[in-house]
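Residue numbers (mature numbering (1 follows the signal peptide of the UniProt record, and there is no 0)): -20 to -1, 1 to 139. Beta carbons are placed, not taken as given, at the ideal position from N, Cα and C, and that holds for glycine.
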Amino acid sequence: MSLIKVRVLALIAFSHLTEAKHNHGGAIGYSFAKFSGPVSGPVKEVHSHSPHHGHTIDYVAKPDYQFEYGVEDPKTQVSQFRKENRQDDAVVGEYSYTDPFGHVRTVKYTADKLHGFRAEIYIDGKLETPQLPSTQPVTSHDQPQEDYKENGDYSGEDE
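Here you go:
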C-alpha cells in the first residue's frame, strides 16, 4: 500500500473518532445570537448549566428601539417603507408599499399587553373599513352529494 493511501485512511479514521467524541453521537448544529442597541431598565444575568457544555451566562434586558427604512426603485417600480418604535412593552409602527395596480397600501399598527395587536389599513391615504360578515342566515338549495359507491363503503376494499 502506498504511503499516501495509508495517510488518507489514517486521516479518515482520526476524523471519525474525533467527531464521535465531541458531538456525543448527535447531530451537528450551530446557532448565533447577537444583541446590540440601547436597553433600558436593569440588565439581568441568566445562568444555565449543561453537563456537556458547562456553565454559561447570558444577559436579558428590556430593549427600546426605533428603526426605519425605505426602498424606491423607479426602474422596477418597487416602493416600500417601514418604521417601528418600541418603548417599554408597546410597539408602534407602520409599513407601506405600492401594489401592482399602483395603489399605495399602508398598514399602521400598535401592539401592547393591554390591547394586543391592532392594525389599520389605508389605501392611497384613505382608511379602509373592514367588511363585517352578514347577519343574514345562509341557506342552500343544493342537492346533497351522492355517495361515490352505491353502498357508501369508503374503506377502499372492493366487494
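Nearest C-alpha to Arg66 among Ser76, Lys42, Tyr77, Pro117: Lys42. Contact annotation: the segment 31 to 39 does not touch the segment 48 to 63, with fewer than three C-beta pairs closer than 8 Å. Scanning its chain for C-beta atoms nearer than 6 Å, with the 5 sequence neighbours on each side dropped, one finds around Val23 the residues Tyr39, Ala41, in chain order.
In this structure, the alpha-carbon of His95 lies about 11 Å from that of Val71. Checking the DSSP bridge columns, you'll see Phe97 partnered with Ala91.
Where Phe81 is concerned, there is no enclosing beta strand (DSSP E), because DSSP gives it neither an H nor an E. Counting only residues of its own chain and dropping the five nearest sequence neighbours on each side, Glu25 has a CB closer than 7 Å to the CB of Ile37, Tyr39. Pairing His83 with Thr90, the inter-Cα distance amounts to about 23 Å. Excluding its 5 nearest sequence neighbours in each direction, Arg98 has C-beta neighbours in its own chain below 8 Å: Tyr89, Thr90, Ala91, listed in chain order.
In the three-state reduction of the DSSP assignment, Lys106 falls in the strand class, which pools E and B. Counting along the chain, Lys63 sits inside the beta strand (DSSP E) bounded by residues 58 to 67. Ser76 is a Cβ neighbour of Gln60, given a cutoff of 8 Å.
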